[in-house]
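Q:
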C-alpha cells in the first residue's frame, strides 16, 4: 500500500483484513500504523540506523490519538538521527507477527505458491496462537521447546511448523531483529512419524489393475490419472496439472515441479496412457474443477481402493513403491532420485533398505510390475 497522510479520521476508518497490514505516513518517513486482523491498531516507528533495523511500538490507536502518536514518533526518529542507540529506542520490541509477515512477503517469494499457502496455514494455526504479541528478540529456546511440547498431540503438524518458525527466526537474525546465532529453534528434535511407508505388493497391483480396467469406460480420465501416477512415480499434483505441451519426444518436461524443472522419462505403458487421451484442451485432464484439482481424483480413489481392499493406501504411496522397485531392480540411488525428482540423495535413501543396488531402462523394466502392460 502506498504511503498516505495519516490523520485521526483516516486511522479510524481503517478496517481489518484477513492479513495484517501496515499503513505508512507519507510525510513522516518511518512512522505508520499497523492494522491487525483482530481490529487492533498500533502506531509504530520502523526505520534503519547504521544498517540495523529499528522497530518501536509507539502506542495503541485505541488509547493514543494520531497527533500524539505523530509527536512521539518524531521524537524517536530525531533521537536516532542525533546519535541515539537503537537498543535504547527499540528495546527489542518488534513483535513476532511483524517479522513473520515480513518473512512471508519477502523471503516467501522463493517458495512455490502452494508451499507458501500451506506454510501460512501452519503459521496461522500452530505458530501465531503461541507467539503473537511477543517481542521477537525475547523469544527463548525454552519457549520454543514448550510450544513444541504443546503440539505433541499433532506430531505431523508440529514437524511441519518447526521449520517455518526456524526460518522466521533465522531471517530475524539476518535483518537485525535478533542477535546473530540466536535461533531458538536449533536443536529441536522432531516427533517420529506415526505412519510407516506403505508399499504395494504384486498381488495388490494385480487387483488394482483389474479394477482400473473395469472402470475405464465410465471414468476414462480418472483411470488414466491413477495409471500415470503409478507408472511414473510422479506426485499427484504433477499429474493433475499436466499440460499437453509438457509431453514431447515420449517424455514429460515439467517446468515447475516441487523441486524445480525436471524431465520424467516415460515407459511405454505410460506413453500408451497419454496417447490414448483426447487432446481437446490445454490440459491433459480438463474435466476437473481447477479450484480444487486434487479433490476431483480423491473421491474416485477412495472408492477404488476400498474395492481393491487396499483402504490404507494413498496415491502418494505409489511413489514409495515405485522407488523401492527401482532399487530392487538394481538402479542406483542417483538414478532413482532422478526418476522421482528428488533434490537430495538423502530423500531417496529412505527406500534403500530394500536394496543397495539408465533412467529409461529402469522405468521400462518396472512397467509390467506397476500396471499390466497394454498392448
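In this note's numbering, the protein residues as written are 24 to 398. Note that CB positions come from ideal geometry on N, CA and C, so glycine has one too.
1. Closest to residue 236 by CA distance: which of 226, 250, 225 and 223 is it?
2. Helix, strand or coil: how does DSSP classify residue 275 here?
3. I'd like to know if the region 146 to 158 and the region 221 to 238 are in contact, where contact means that at least 3 CB-CB pairs between them fall below 8 Å.
4. Starting from residue 335, follow the alpha helix (DSSP H) in both directions and report where the run begins and ends.
5. What residues match up with residue 69 in a beta bridge as DSSP calls it?
6. Let me make sure I understand the geometry here. Which of 97, 131, 212 and 193 has the alpha-carbon closest to that of residue 179?
7. What separation, rounded to the nearest whole angstrom, lies between the Cα atoms of residue 165 and residue 133?
8. Evaluate the contact criterion for the region 58 to 70 versus the region 80 to 98: three or more CB pairs, one atom per stretch, below 8 Å.
9. Using beta carbons (cut-off 9 Å, strictly below), is residue 144 in contact with chain B?
10. Could you tell me the alpha carbon to alpha carbon distance between residue 129 and residue 122, rounded to whole angstroms?
11. State the DSSP-derived secondary structure class of residue 56, mapped to helix, strand or coil.
12. Identify whether residue 212 lies in helix, strand or coil by the three-state DSSP scheme.
13. Buried or exposed for residue 24, going by 16 or more other Cβ atoms inside 10 Å?
14. Residue range of the beta strand (DSSP E) that residue 47 falls in?
15. What do you reckon, are the CB atoms on residue 255 and residue 275 nearer than 9 Å?
16. Along the chain, which unbroken stretches of the beta strand (DSSP E) at least 3 residues long are found entirely within the region 94 to 171?
17. Should residue 156 be labelled buried (16 or more other beta-carbon atoms within 10 Å of its own) or exposed?
18. State the start and end residues of the unbroken alpha helix (DSSP H) segment that holds residue 182.
19. So for residue 227, helix, strand or coil by DSSP?
20. Comparing C-alpha positions only, which one of 38, 305 and 240 sits nearest to residue 269?
21. Go through its chain and collect everything with a Cβ distance to residue 331's Cβ below 6 Å, but skip five positions before and after it.
22. What residue ranges within the region 230 to 261 form continuous alpha helix (DSSP H) runs of no fewer than 4 residues, ordered along the chain?
23. Can you tell me whether residue 3 is buried or exposed? The criterion is at least 16 other CB atoms within 10 Å of its CB, across all chains shown.
24. Excluding five sequence neighbours on each side, which residues of the same chain lie with their C-beta closer than 8 Å to the C-beta of residue 42?
25. Only counting the same chain, and skipping five residues up and downstream in sequence, which positions put a Cβ closer than 7 Å to that of residue 53?
26. So the alpha helix (DSSP H) residue 32 belongs to, where does it begin and stop?
27. Using alpha carbons as the reference points, say which of 119, 38, 36 and 145 lies closest to residue 196.
28. Of the residues 190, 103, 86 and 56, which one's Cα is nearest the Cα of residue 77?
29. What number of angstroms, rounded off, separates the C-alpha of residue 320 from the C-alpha of residue 29?
30. Within the same chain, show all residues whose beta-carbon is closer than 6 Å to that of residue 167, passing over the 5 residues directly before and after it, in chain order.
31. Taking the beta carbon of residue 79 as the centre, do at least 16 other beta carbons fall within 10 Å, making it buried, or is it exposed?
32. Out of curiosity, what's the CA-to-CA distance linking residue 91 and residue 264?
33. How close, in whole Å, do the beta carbons of residue 327 and residue 259 come, if the pair is a contact with beta carbons under 8 Å?
34. Run through the DSSP bridge pairs and tell me what residue 285 is partnered with.
A: Walking through what the data contain:
1. 250
2. strand
3. no
4. Note, residue 335: premise wrong, no alpha helix (DSSP H); not H, not E.
5. 78
6. 212
7. 30 Å
8. yes
9. In the structure shown, chain B cannot be found, because there is only a single protein chain.
10. 10 Å
11. strand
12. coil
13. exposed
14. 44 to 47
15. yes
16. none
17. exposed
18. 178 to 197
19. helix
20. 305
21. 230, 231 and 234
22. 243 to 255
23. For the chain, the structure presents residues 24 to 398; residue 3 sits outside this window and is missing.
24. 60 and 124
25. 68, 69, 70 and 100
26. 31 to 36
27. 119
28. 103
29. 51 Å
30. 207 and 208
31. buried
32. 54 Å
33. Rounded, the Cβ-Cβ distance is 14 Å, inconsistent with contact.
34. 277
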